[in-house]
Amino acid sequence: MKDMLSKQAVGLKPSGIRKFFDIVSEMEDALSLGVGEPDFDTPWHIRDEGIYSLEKGRTFYTSNSGLIELRQEICNYIKRKQGISYDPKHEVLITVGGSEAIDIGLRAVINPGDEVLIPQPSFVSYEPCAVMAGGVPVIIELKAENEFRLTAEELESAITDKTKILILPFPNNPTGAIMERKDLEAIAEVIRKHDILVMSDEIYSELTYKEKHVSIIEMEGMKERTILINGFSKAYAMTGWRLGYACGPREIMEQMVKLHQFAIMCAPTTSQYAAIEAIRNGDEDIKEMRTAYNQRRRYLLHAFQEMGLECFEPFGAFYVFPCIKEFGVTSEEFAERFLAEEKVAVVPGTAFGDCGEGYLRISYAYSLDNLKLAIGKLADFVEKLRREGKQA
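26 is the number of the first residue of the sequence shown in the working numbering; add one for each residue after it.
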């Protein structure tokens, strides 16, 4: 049977995030800080709109691109937030989560052998999606000394005559890093110079704590060469509703719609009706959740400082990325021991690329009570490792 399988599929590594999540699900009394899923319920007024759509019998297919009312609201939202206008009929596509948008976006523009620039550490799907699209992933290693931001110099040095597209994963999962306007202006200059495309994954755009999120599409000449990816999972606590969207040049979106058409047909209708309510009236919900995340973020940074664990300050998403290099073990060994001995799951940094070695991803999309309990166990575990180090 093995000879009957796709070599590309067999060659893909399973998600390092799911591995630990699966172990925790079978371990009694274990705490997980590993999954990037908001602990908030979807706000009631959004759920109510989904329920109402079912009661009204709205269980039909929508157009392939999604409900025009939702696409219009997305355009209104981007205009309000970024000051950039999109055509709801031809430049917006509703997808099954942001992950589908990433997949079909790459497949729409990649020819075999095209190089896809992927800054890492970053979301686990980029590299396999590039491979399955026939592209060649080219990894740019982000550095702690640069606050895990992508620099223009790093980008320039990675570009070749085969480069087709840069994936821009900010605010970043797993590091929590952000790109400020000055960073994006420098990146945009390199992009324009080499005439390449950008896929900007902005799923965490509403979760920034230092300043308002800035998008690459705001830079001169960048809307015309960018596939903008976003969705409803993180900002509105709608992970299970499976709804995302892509915006971009009409020529690219037409190809994405075709791929979406043959694989998916349309995103879930009930979710689309709920999303109209979310994006139209959900700003206060986001503000409330962002305030809670920021409180947890500051708590974790203070806790790490008290236990002497090095961690740069993240200003986006809901993750921290502490450094564990001092202990002389791999990220996976640390995570496995921590889970076995303290029953707390975190994700090894290597789940997000080889350059994540020496780091852990800890999600603070959990209640403060759970965080305090888990971090107390982490402090004990860190102290144990330090004692072992002195005795060695």
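Using N, Cα and C, we set each Cβ at its ideal position, and we do this for glycine too.
task = Determine which residues share a DSSP beta bridge with PRO373 and list them.
result = LEU385
inquiry  = Taking 7 Å as the limit between beta carbons, can you name the residues of its chain near GLU172, skipping five residues before and five after?
reply    = ALA202 and PHE337
query = Between ALA390, PRO162 and VAL372, which lies nearest to LEU142 when the distance is taken from Cα to Cα?
reply = PRO162
key: Range covered by the alpha helix (DSSP H) that runs through VAL215   = 206-219
request  = Put THR67 into one of helix, strand or coil per three-state DSSP.
outcome  = coil
ask   = Can you check whether the CB of ALA342 is closer than 8 Å to the CB of LEU232?
value = yes
ask   = Do GLU398 and ARG321 have their C-beta atoms within less than 8 Å of each other?
value = For the sequence presented, residue 398 should be read as Leu rather than Glu. For LEU398 and ARG321, no; Cβs fall outside 8 Å.
Straight-line gap, GLY307 to GLN145 (C-alpha atoms, nearest Å) = 32 Å
message = Mapping the DSSP letters down to three states, classify SER240 as helix, strand or coil.
response = In the three-state reduction of the DSSP assignment, SER240 falls in the coil class, being assigned neither a helical nor a strand state.
query = Under 8 Å, do SER225 and ILE241 count as touching if we go by C-beta distance?
reply = yes
key: Residues near ILE129 in its chain [Cβ-Cβ closer than 6 Å; skip 5 each side]   = Same-chain partners within the cutoff: MET281, LEU284 and HIS285.
key: Presumed contact (8 Å Cβ cut-off) between ASP208 and ARG250, rounded CB distance   = That pair is no contact at about 18 Å.
query = Nearest to ASP112 by CA position, among PRO68, ILE252 and CYS272, is which residue?
reply = CYS272
inquiry  = I'd like the ranges of any alpha helix (DSSP H) spanning at least 4 consecutive residues and lying wholly in the segment 291-361.
reply    = 294-306 and 308-332
query = How long is the line joining the alpha carbons of LYS32 and ILE228, rounded to whole angstroms?
reply = 31 Å
query = By the 10 Å Cβ neighbour count, where 16 or more other Cβ atoms means buried, how is PHE363 classified, buried or exposed?
reply = buried
ask   = Within 10 angstroms of its Cβ, does ARG132 collect 16 or more other Cβ (buried), or is it exposed?
value = buried
ask   = Roughly how many angstroms lie between the CA atoms of MET314 and VAL239, to the nearest whole one?
value = Rounded to whole angstroms, MET314 to VAL239 spans 20 Å at the Cα level.
task = Can you check DSSP and say which residues form a bridge with CYS272?
result = VAL117 and LEU253
message = Restricting to runs no shorter than 4 residues, where is the alpha helix (DSSP H) found entirely within the segment 140-206?
response = 151-157 and 177-183
key: Burial state of GLU152, where buried means 16 or more other Cβ atoms lie within 10 Å   = buried
key: Between the CA atoms of GLY333 and LYS415 - distance to the nearest angstrom   = 16 Å
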